[in-house]
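Just below is one structure, and these are the notes that go with it.
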Amino acid sequence: MASAMPRINPAVILHLNGDKIIKGREPCLIAISVIDFFKTGLCFNFRGNKKGHMAIFKLHINGKERQVDVEPDTPLLWILRDHLGLVGAKFSCGIGECGACTVLVDDKAIRSCGFRVSKIKTSKITTIEGLSVNGDHPLQLAWDEVDVPQCGYCQAGQIMQAVALLKMNPKPTDGEIDERMDFNLCRCGAYHRIRDAIKLASTKI
Amino acid sequence: MPAPNKTSRRDFIKLSSLAGGGLLLGFSWSSAEVGTSVIMNPANFTGELGFNSYLSIATNGTITIFSPNPELGQNIMTSFPMIVAEELDADWTKVKVLQAPLDTAKFDRQLTGGSGAIPHSWKRLRTAGASARFLLVAAAAKKWDTDATACTTSNGYVIHTLTGKKLSYGELAEEAAAISLPPDVPLKNRKDFKIIGSSPRNVENKKIITGKGIFGLDFYREGMVMAMIQRPPSFGTKVKSVDATAAKAMPGIIDVVTFKNNVAIVGKSTWAIMKARKAVKIEYTKDGNIESSSDHDQLLVSMLNSDKATERRKDGDVATAFKQAATIITSEYQCPFLPHNAMEPMNFFADVRPDGVELIGPTQTPASARQATAKLLNIPEDKITVEITRLGGGFGRRLKFDFVLEAAELSSIIKKPVKVIWTREDDMMGGSYRPAVRYRFEAALDEKGNLIGYKLRGAGINLNNSTRPDNFPSGAVDNLVIDSIEHISPVTTGAWRAPVTNFLAFAEQAFLDEVALAAGKDPVQFRLELLQKARTKPAGAIKYSIDRMETVIKQAAEKSGWGTKKGVSQGFSVYFSHSSYVAQVCEVVMEANKPVVKKIYAVSDCGEVVNKNGALQQVMGGIVDGYGHAMFGKLTFKDGAAEQMNFDQYRMIRMSEIPEIEAHFIDNGIDPTGLGEPALPPTGGAVANAIFKATGTRIKNQPFIDEPPFKTSKGF
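Protein chains in written order, with the working numbering: chain A, 1430 to 1634; chain B, 3 to 718.
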């Protein structure tokens, strides 16, 4: 578990993120293929104007249907934060390396900073705001009980990553927790308690 | 807001009716200990929250405490109110905490830095709580027609000891209004502490885990615009020309404005701005030295040989000691620049209007930010308000207020409320780094292995004094000289969690192990002998507690089973910084021929532990931070520009890489000192010393990952 060894990036794969080639950890989840982009784009009603292309997207977010009129390349993170006032998903690196912007798309953890709106289609999106009505999802309760947060900025992303982990693997080992939670940075170093909270929640799910 | 009336201590607490029932017990955090205080004008707070420092008790018993200092993860919003609630004997479950905005009339030292808030405010906060409790008891005694000494308090109630009758604080608050306060209110005996020393959870947990918009970047106000700023990518350059024609024509863009060396792209949404930013064409021209890390490396080496260093401490006759030495050990240690990388990138909201200025966002220094804004805009300070949001990390970066000034200046130019947002790249390229430093240590041993001479020179890039001349082993060596030298660079630097000591402690503690080895002594025994020398025959002034340092050393050795374990290599380190003492033992085992850090023990003496849970969190976080940055942290420059711009190029520690941590605290009842920083400095030394023990390879430079035994000539 603890290691001073050089860490090998789990997925050093080049993929396309808009006009920029970046190195990512979960290419399957944050990469936007050019083909997909155009395919999806064409499904929607483009309104051309001299300044750019806007389109109306109907999104399923936290059990509600929301409609936004944005450019098709807009990342989900900015739809949530700027257009819908859902600020639980955080901006930190913008390249899918830190996990602060993690939300669920059909129960899978994705980095919303690189996930374009045109890619969403009919997928159901869950953000930290929609995880539970009263903030009482077992992971949220465990986060409080273990008293995980320090500055707290990364914690919504950590929780959403943990939700996806427990959906996939309800009784993870320490190693399995580390493997999935390595996608999320915590600059305050609250990792021990994040791990403890996930273990606590896994006994209650 | 009318100016508060200065008044005498006797009138310290003034009560006034709240719109919703109950009373406000006003106190000034700044002067709870001294002779003057502030009376709140009742008109000031009616129906309005957030501009006065006060403790309010509602008729339902709810107690509201304003927390003045910026919260960035050090848990001050929980610890401060705990101290007030303790002396008040409040029911902690009914205490509500709110962040106070900047108010220099009511609070002093309203900043987060230097692990200084708790020691500064300890007595002030206790007095505030005790004063309110005194009045509530007096009110109950009056009601029961008895003496105050016949009453006790518990959990938000005053209790009549004989009869067991009780009244809640909410019921008593109004009666307490008519009672005046004696000059000296007694404080509790620490054996009666119930809240101090307990482990309540972070008061903002619920907001954090449900994604409420409590951080600066979350702030939104109808009508505001957003902006990103392109700053010169290379230190030592300035803007020559800007072509923003294409960017201005892009959707969602309001304007592109150039001021100083900033090109601000102003728009309606973050994504629109991010896209338009790429379309702005900016040319830069030279405006100072253009430096690369290779230049810095050479400079640091040559600075150590300079004759222009500034002397920081001198004891005895160093030259003679080195002449008489049987053994001389010389060693050099170096660290690179580091960005702070707070998870929340820099940002601030500013609304500069003809009638005044509003500043809202995450800052460690609201008062300095306001002062600088007043100067920049030529506006009196009392026309500027500062609201402090929760900070998504600070680590010293938010002690600077460059981002506040940017927002204020931009708002004054575009005449709109604006939130300036930095990207990660802006943050990592934007300066205020932990400075790069190189140290040279020299030690003289006599034939018996006694340390008779010690020299330390620090060379820093944009760091005036890279030493802490009074730190251990100063005081324990008869002949000692410590000096430092600085290179002024266009690369901007600033405080980084545990400034100076974040690297100096590693270098000192690793060097002390080198000396112990040369003297043929056990590292723990060697340190204890030095302390004994400082106690019995001190050299010069001693500015640390020998007893406290000795205690943490012995406890860490005991808790870790120092020297008794098989198959494990242990490394020791101890450091006194920011008024607290922390000793650490790191355990390394060899796996596949490489050293693996398994566990770190820490024994901390920060005096009275206010919040056990919070203290543990600070120690564990500090160790993970210290270990992570010692192992991986490195920011390099090429032609004046940072070469690492985001987390794909800059490695930060992740969950699978953390060692087990076992933390202990010394329970000595001494007035508390801070803990936001002190656990970080010793970690690098403990780790490097353990790696040496395991491999025989002495790591002298950070990041460790670039050094043997991790990096070999064959690569990883």
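All C-beta atoms, glycine included, are put in the ideal place defined by N, C-alpha and C. None of the values given here were measured: they were computed from a predicted structure.
| message | Among the candidates B:72, B:459, B:327, whose CA atom is the shortest distance from the CA of residue 451 (chain B)? | response | B:327
| Cβ pair count under 8 angstroms reaching 3, the region 602-610 of chain B against the region 1595-1606 of chain A | The region 602-610 of chain B, when compared against the region 1595-1606 of chain A, does not touch it at the 8 angstroms Cβ threshold.
| So which residues on chain B does residue 1588 (chain A) lean against when the C-beta distance must stay under 9 angstroms? | Within chain B, the residues 211, 213 have their CB atoms less than 9 angstroms from the CB of residue 1588 (chain A), given in chain order.
| residue 463 (chain B) - containing beta strand (DSSP E), residue span | 453-463
| With distances taken between CB atoms, is the gap from residue 425 (chain B) to residue 551 (chain B) smaller than 9 angstroms? | no
| According to DSSP, is residue 249 (chain B) helix, strand or coil? | helix
| said: In the DSSP assignment, the alpha helix (DSSP H) including residue 448 (chain B) goes from what residue to what residue? | reply: First-last for residue 448 (chain B): undefined, no H or E at that position.
| Just the Cα atoms here: how many angstroms apart are residue 142 (chain B) and residue 219 (chain B)? | Their backbone Cα atoms lie some 47 angstroms apart in a straight line.
| query | If we count Cβ pairs, one from each stretch, closer than 8 angstroms, do we get three or more for the region 263-272 of chain B versus the region 1497-1515 of chain A? | reply | yes
| query | By the criterion of Cβ-Cβ separation under 7 angstroms, what are the contact partners of residue 348 (chain B) in chain A? | reply | None at all; the shortest Cβ gap to chain A is about 12 angstroms.
| message | What would DSSP say about residue 1607 (chain A), mapped onto helix, strand or coil? | response | helix
| message | Whole angstroms are fine: how far does the CA of residue 445 (chain B) sit from the CA of residue 698 (chain B)? | response | 20 angstroms
| said: Pull the bridge partners of residue 230 (chain B) from the DSSP assignment, please. | reply: B:267
| task | Measure from the alpha carbon of residue 1624 (chain A) to the alpha carbon of each residue in A:1601, A:1546, A:1529, then state which is nearest. | result | A:1601
| task | Report yes if the C-beta distance between residue 63 (chain B) and residue 93 (chain B) is below 9 angstroms; otherwise report no. | result | Against a cut-off of 9 angstroms, the Cβ pair of residue 93 (chain B) and residue 63 (chain B) comes out as a contact.
| message | Taking DSSP's pairing of strands, which residues face residue 272 (chain B) in a bridge? | response | Residue 272 (chain B) is not bridged to any residue.
| Taking contact to mean at least 3 C-beta pairs separated by less than 8 angstroms, is the region 205-216 of chain B in contact with the region 1558-1572 of chain A? | yes
| request: Report, in whole angstroms, the separation of the C-beta atoms of residue 1490 (chain A) and residue 1554 (chain A), which I expect to be a contact under 8 angstroms. | output: 5 angstroms
| request: Mind checking which residues open and close the alpha helix (DSSP H) that includes residue 364 (chain B)? | output: Unbroken run through residue 364 (chain B): none, as it is neither H nor E.
| task | Leaving aside the five residues before and after residue 515 (chain B) along the sequence, list all residues of the same chain whose C-beta is less than 6 angstroms from its C-beta, in chain order. | result | 525, 691
| request: Kindly indicate which residue of B:205, B:149, B:135 has the alpha-carbon position closest to the one of residue 178 (chain B). | output: Of the candidates B:205, B:149, B:135, the one whose C-alpha sits nearest the C-alpha of residue 178 (chain B) is B:135.
| Option in B:595, B:109, B:437, B:259 with minimal Cα separation from residue 338 (chain B) | Of the candidates B:595, B:109, B:437, B:259, the one whose C-alpha sits nearest the C-alpha of residue 338 (chain B) is B:437.
| For residue 301 (chain B), which residues from the same chain have a beta carbon less than 7 angstroms from its beta carbon, with the 5 sequence-adjacent residues on both sides left out? | Same-chain partners within the cutoff: 489.
| Contact list for the region 1514-1535 of chain A against chain B, Cβ threshold 8 angstroms | 1514, 1515, 1516, 1517, 1518, 1519, 1520, 1521, 1522, 1523, 1524, 1526, 1527, 1529
| query | Mapping DSSP to helix, strand and coil, what is residue 468 (chain B)? | reply | Looking at residue 468 (chain B) - three-state DSSP - the assignment turns out to be coil, as it is neither helix nor strand.
| query | Relative to the C-alpha of residue 805 (chain B), which residue among B:410, B:241, B:504, B:153 is closest? | reply | A question about residue 805 (chain B) goes unanswered here, because the residues of chain B that appear run from 3 up to 718.
| Going along the chain, which residues of its own chain have a beta-carbon closer than 6 angstroms to the beta-carbon of residue 1622 (chain A), five neighbours each way excluded? | 1575, 1577
| Extent of the continuous alpha helix (DSSP H) run through residue 183 (chain B) | Premise fails: residue 183 (chain B) is in no alpha helix (DSSP H) and is neither H nor E.
| Of the listed residues B:248, B:464, B:564, B:406, nearest to residue 373 (chain B) (C-alpha basis) | B:406
| query | Cα separation between residue 183 (chain B) and residue 144 (chain B)? | reply | 14 angstroms
| field | Where residue 1614 (chain A) meets chain B, residues with beta-carbon distance less than 8 angstroms | value | In chain order: 345, 649, 654, 656.
| Under a CB-based cut-off of 9 angstroms, is residue 1601 (chain A) close to chain B? | no
| query | Can you find a CB in chain B that lies within less than 9 angstroms of the CB of residue 1459 (chain A)? | reply | Residue placement at residue 1459 (chain A) is poorly supported in this model, since its pLDDT is 36, which falls under 50; the coordinates are not used for a value here.
| request: Using a cut-off of 8 angstroms between C-beta atoms, extract the partners of residue 603 (chain B) located in chain A. | output: Simply none; closest approach about 14 angstroms.
| request: Consult DSSP for residue 340 (chain B) and reduce its assignment to one of helix, strand or coil. | output: strand
| query | Under 9 angstroms between the Cβ atoms of residue 687 (chain B) and residue 577 (chain B)? | reply | yes
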